[in-house]
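Using this note's numbering, you'd call the opening residue of the sequence shown number 40 and step up by one each time.
Reviewing the structure listed below.
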Amino acid sequence: MKNYLSILLCLFGLSQISAQPDATIYLNADQSRYTINKNIYGHFAEHLGRCVYDGIYVGRDNQSIPNTDGIRNDIIDALRELKVPILRWPGGCFADTYHWMDGIGPQEDRPTIVNTWWGGVTEDNSFGTHDFLNFCEAIGAEPYLAGNVGSGEVKELSDWVQYVNHDGISPMADLRRENGREEPWNVKYWGVGNEMWGCGGNMTAEYYANVYKQYATFMTDWTNSSKLYRIASGASEDDYHWTEVLMQNIKPSLIEAVALHMYAVIDWNDKGPSYEFSDKQYFQTMQKALRMEELVTRHSTIMDKYDPNKKIGLAVDEWGGWYDGEKDLEPTALYQQNTMRDAMIAGATLNIFNNHADRVIMGNLAQTVNVLQAVILTEGEKMILTPTYHVMKMYNVHQDAQLIPTDIFDMPQYEYEGESLPAISCSASQDASGKIHVSLVNIDASNTHEVNLKMRGVGTLSGKATILTADEVQAHNDFDNPDRISPREFDGFKLKDGNLNVSIPPFSVVVLELK
Ligand code: AHR
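Take a look at the structure:
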């Protein structure tokens, strides 16, 4: 019977119409209090698989791929265009094995080591501190250096800060000049270790809190301009004890932010394929991705207890979808395709971060090129932009804009085998020129949902919209078909009496611009 009904609905072109009531979203433009930190739109690049080597950096002697000092020109252009505000490097787990002095000076003198975390591959240190910081300058991003706490020393991290930031005469500043860089880079953002509960040293929160204080104390602010921004290695997912212990034990003058890591992975032992996934796997990924709301809310509540004035930020410095890597590549390379499912993760997660702008000051999507939920994939001289790239670009209008709080009523549900999830997610902001942007995501795999946007505190004049969608949720761009998925103009909305009715197709991201 159900099948007959579907056939009839299809014949009449109604298969995408949901029987559920329309959602109503109030945009409270008169209650804007927080700025959306542009660093929420940050990225993360580790010495892992083909992210740095082959992805970003192809070597100075490379004749076949156009590059500037070894960095691919197409990557520089694409990341500039994306408006990447901040880039975290060199890891990840690699960070706590990395000795920065291995990566400075003439390339031929740099030691060749083994990347013990990621596949035991050869690391020739040809991409080091200067290369990374110059790359950040080229793409217009702030650098975020992750210091080695696990296998490093206090002096080593303190010297790194001096090397990149000191303007005067000092051993490290002199060494930097000898290596060809006169001006300091003034690096503000510093991670004090990574995943200290795991690859960073398998520490307890209590032990790490003390280690953190020791490292943070000796990270002198050499810049004399902007204060260093020290980020403590944070909890894995719902380890609320970790956040509680750090907040309780580290005095505010020693810490600027606490990190959090959360991957949208179905099951660490059975992650599933990156593009030939089932409906069930799609639903499960959405279930996990939407848990970010609970994690951010609960970690923030703990932080509120110790820091009611919200001076200390929450930096979600690793997030994204994680699936089984491509079989023909090394399992440790973490190369995966990027589909409309990833666009859903990105759209929904960024809405969560925007809506928590009071506490979330940074997000770093893992990882920029060729690794995990990459915004760019490369193959030889070819490069493609993924659906996630397009979402992040559509959303960059929120960077440093004023968050407009939203209330959603009559939330439609995405139902699957007796379980359900909220189908729609939304965030809104007003930029310096007065334009309002509303980003809407419908994660439902089969139903269009209608959304009524009701504007408070602002008279809406006119609007235009962009949509990212596809014919199937498994759809992706590949090297033979690089533009199968790209944003296009969207006219599925009506403006009436200051209210807006939007019809959002299944697995779509819509960004509205209103003025
Ligand atoms: O992003 C890949 C890895 O995931 C990082 O190295 C580590 O921090 C996390 O477990």
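Just so you know, even glycine gets a beta-carbon here, dropped at the ideal spot from N, CA and C.
Buried or exposed by the 16-neighbour rule on C-beta atoms within 10 Å, applied to residue i
i: H280; result: exposed
i: F518; result: exposed
i: K432; result: buried
i: P150; result: exposed
i: R527; result: exposed
i: K77; result: buried
i: N348; result: exposed
i: A354; result: buried
i: Q70; result: exposed
i: A471; result: exposed
i: N308; result: exposed
i: Q102; result: exposed
i: L50; result: Residue placement at L50 is poorly supported in this model, since its pLDDT is 39, which falls under 50; the coordinates still yield a value, given next. Exposed, because fewer than 16 other Cβ atoms sit within 10 Å of the Cβ of L50.
i: D170; result: buried
i: G457; result: exposed
i: K350; result: exposed
i: G186; result: buried
i: G360; result: buried
Endpoints, beta strand (DSSP E) assigned at residue i
i: M422; result: 421 to 424
i: E120; result: No beta strand (DSSP E) holds E120; the alpha helix (DSSP H) holding it covers 112 to 121.
i: F448; result: 445 to 448
i: L389; result: Premise fails: L389 lies in the alpha helix (DSSP H), 379 to 394, not in any beta strand (DSSP E).
i: R330; result: First-last for R330: 318 to 345, but that is the alpha helix (DSSP H), not the beta strand (DSSP E).
i: V436; result: Note, V436: premise wrong, no beta strand (DSSP E); not H, not E.
i: E454; result: 452 to 455
i: V297; result: 296 to 303
i: W311; result: For the sequence presented, residue 311 should be read as Gly rather than Trp. Unbroken run through G311: none, as it is neither H nor E.
i: G81; result: 81 to 83
i: S542; result: 538 to 543
i: W229; result: 228 to 231
i: I75; result: Run containing I75: none; DSSP gives neither H nor E here.
i: N403; result: 399 to 405
i: R269; result: 268 to 275
i: Y374; result: Looking at the DSSP string, Y374 is not in any beta strand (DSSP E), and its letter there is neither H nor E.
i: W128; result: 125 to 128
i: F546; result: Premise fails: F546 is in no beta strand (DSSP E) and is neither H nor E.
i: N241; result: That residue, N241, is in no beta strand (DSSP E); it is neither H nor E in DSSP.
Nonlocal neighbours in the same chain, by C-beta distance under 8 Å from residue i, ignoring five residues either side
i: M422; result: R111, D113, I114, A117, I415, L416
i: F546; result: M379, R380, A382, M383, N481, I482, D483, A484, T508, A509, V512
i: P544; result: Q55, N481, T487, I506, T508, G531
i: N249; result: N288
i: V193; result: Q253, Y254, F257
Cutoff 7 Å; reference residue i; Cβ partners in own chain excluding five residues on either side
i: V97; result: I104, N106, G109, R111
i: T155; result: T136
i: G419; result: none
i: Y73; result: A396, D397, L442
i: T388; result: A328, M331, W358
i: I46; result: With a pLDDT of only 38 at I46, under the threshold of 50, the placement of this residue in the model should not be trusted; the figure read from the coordinates follows. Correct list: empty, nothing qualifies.
i: R495; result: Y65, L66, N67, A68, D69
i: G364; result: P370, A372, L373, Y374, Q375
i: I143; result: G167, T168, H169, N218
i: Y362; result: K310, G311, P312, S313, Q375
6 Å Cβ shell around residue i - same chain, five flanking residues per side excluded
i: K122; result: N435
i: T371; result: W157, G158
i: P129; result: H86, Y137
i: Q146; result: S165
i: Q59; result: P451
i: V541; result: V490, F532
i: P444; result: N67, Q70
i: G94; result: V408, N409, T417
i: P521; result: I423
i: L53; result: Residue placement at L53 is poorly supported in this model, since its pLDDT is 42, which falls under 50; the coordinates still yield a value, given next. Cβ neighbours of L53 beyond the five flanking positions: none.
Presumed contact (8 Å Cβ cut-off) between residue i and residue j, rounded CB distance
i: V297; j: M258; result: So it is not a contact: roughly 16 Å between Cβ atoms.
i: I75; j: A440; result: 6 Å
i: C175; j: T407; result: No, C175 and T407 are not in contact; Cβ-Cβ is about 12 Å, not under 8 Å.
i: Y268; j: I125; result: Contact flag wrong, Cβ pair sits at about 10 Å.
i: N516; j: T425; result: 6 Å
i: D356; j: G230; result: 7 Å
i: W261; j: N173; result: That pair is no contact at about 19 Å.
i: F83; j: A405; result: 5 Å
Delimiting residues of the alpha helix (DSSP H) encompassing residue i
i: E245; result: 244 to 256
i: E418; result: No alpha helix (DSSP H) contains E418, which is instead part of the beta strand (DSSP E) from 415 to 418.
i: V355; result: Where V355 is concerned, there is no enclosing alpha helix (DSSP H), although the beta strand (DSSP E) it sits in stretches over 352 to 360.
i: A212; result: 210 to 217
i: Y92; result: Y92 -> no alpha helix (DSSP H), and no H or E assigned at all.
i: T259; result: No alpha helix (DSSP H) contains T259, which DSSP labels as neither H nor E.
i: W281; result: 279 to 288
Worksheet item: Counting only runs that start and end within the segment 139 to 199, where is the beta strand (DSSP E) found for 3 or more residues in a row?
Response: Considered as a whole, the segment 139 to 199 harbours 152 to 154, 160 to 162, 181 to 186 as its complete beta strand (DSSP E) runs of no fewer than 3 residues, in chain order.
Worksheet item: Unbroken beta strand (DSSP E) runs of length 3 or more, entirely within the segment 468 to 530: which are they?
Response: Runs found: 475 to 481, 488 to 495, 502 to 507.
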